[in-house]
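Undergrad: Heads up, the sequence shown is in this note's numbering, so the first residue is 300 and it goes up one at a time.
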Amino acid sequence: MTTQLFTLLGVALGAFSSYLVSFLGERTRYRRDISGHWTERKLESYARYLSDAKYMSTLTRRVAASVGLDDQALALSRDEGLPLLAEAETKRGLSSEVVSLIGGKATVEAHRRVNKALWRMEQLARGLIKGSGREEWVQARREYVNAMNDFHENARLDLIVPGEYTPRDTKYLMASDDSLNDSGARTCQSSS
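Below is the structure:
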């Protein structure tokens, strides 16, 4: 009788441990699948947001060039640019909401800094900040580039992208007045 009891306990213990190992394996696989799915969604939302933010920045720079604030962008008049800028802001706002919903904490905070920097650039390009000029524009561009660097770095950490991130340099945002000749054209400067 005792032998049969030990045999029965052995079979029951074997069945339970087999079930437990199978259950834990399935749960781990499920969590890995879900994690992979959300990583894909984050990548898509971050890429969409970056594209929309970059497009808005480009339009803002072009409008700013038409009023003499940005000397590196191709000018686009306010009459032509402001409707495009309004549409770009709408797209950026929509993609921004998805980042806020599924992004990691540090990435969401960085994306909010990008938004603030874009809004500042837009206000300057639209002429909504009285008494502002090139100095304020350069500062706004620098804040935007720094915010984008932070967003890229945090998004890479959030997505577990291997390798080191190389941030954009802000010291070449605007040509100095020394690099312009008498006619206002850019001149090449040697780095010797």
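Positions of the beta carbon are idealized from the N, C-alpha and C atoms, including for glycine.
How many angstroms separate the CA atom of Thr301 from the CA atom of Trp337?
TA: Going from the Cα of Thr301 to the Cα of Trp337 covers about 53 Å.
Undergrad: Tell me whether Leu458 sits in a helix, a strand or coil according to DSSP, three-state version.
TA: Three-state DSSP puts Leu458 in a helix.
Undergrad: What is the residue span of the alpha helix (DSSP H) that Lys404 lies within?
TA: Start and end: Lys404 to Arg425.
Undergrad: Going along the chain, which residues of its own chain have a beta-carbon closer than 8 Å to the beta-carbon of Ala446, five neighbours each way excluded?
TA: For Ala446, where only same-chain residues beyond five positions count, the Cβ hits under 8 Å are Ala409, Arg412, Val413, Lys415 and Ala416.
Undergrad: Classify Lys341 as buried or exposed, calling it buried when 16 or more other Cβ atoms lie within 10 Å of its own Cβ.
TA: Its Cβ being crowded by 16 or more others within 10 Å, Lys341 is buried.
Undergrad: Please state the DSSP three-state secondary structure of Glu463.
TA: Glu463: coil per DSSP, three-state reduction.
Undergrad: Apply the 10 Å Cβ neighbour rule to Val460 and answer buried if 16 or more other Cβ atoms are within range, or exposed otherwise.
TA: It counts as exposed.
Undergrad: Roughly how far, in whole angstroms, is the beta-carbon of Ile401 from the beta-carbon of Ser344, given that I think they are within contact range, below 8 Å?
TA: That pair is a contact at about 6 Å.
Undergrad: Run through the stretch 344-401 for me and flag every whole alpha helix (DSSP H) of 4 or more residues, listed as ranges in chain order.
TA: Within the stretch 344-401, the complete alpha helix (DSSP H) runs of at least 4 residues are 377-401.
Undergrad: Distance check for Gly462 and Leu358, CA to CA, integer angstroms please.
TA: If you take the alpha carbons of Leu358 and Gly462, they lie about 32 Å apart.
Undergrad: Figure out for me which residue from Arg441, Ala374 and Asn453 has the closest Cα to the Cα of Arg467.
TA: Looking at the Cα atoms, Arg441 is the closest of the given residues.
Undergrad: Return yes when the Cβ of Val444 is within less than 7 Å of the Cβ of Thr469, no when it is not.
TA: It is a contact, given that the beta carbons lie within the stated cut-off.
Undergrad: May I ask you to report which of helix, strand or coil DSSP gives Asp468?
TA: It is coil, neither helix nor strand.
Undergrad: Would Gly380 be called buried (16 or more neighbouring beta carbons within 10 Å of its own) or exposed?
TA: Classification of Gly380: buried, given that the 10 Å Cβ count is 16 or more.
Undergrad: Only counting the same chain, and skipping five residues up and downstream in sequence, which positions put a Cβ closer than 7 Å to that of Ala352?
TA: So the list reads Arg391, Val413 and Leu417, once near-sequence residues are dropped.
Undergrad: Using 7 Å as the threshold, is the C-beta distance between Ser394 and Tyr348 below it?
TA: Yes, these two residues count as a Cβ contact at 7 Å.
Undergrad: Consult DSSP for Ser431 and reduce its assignment to one of helix, strand or coil.
TA: In this structure, Ser431 counts as coil in the three-state DSSP scheme.
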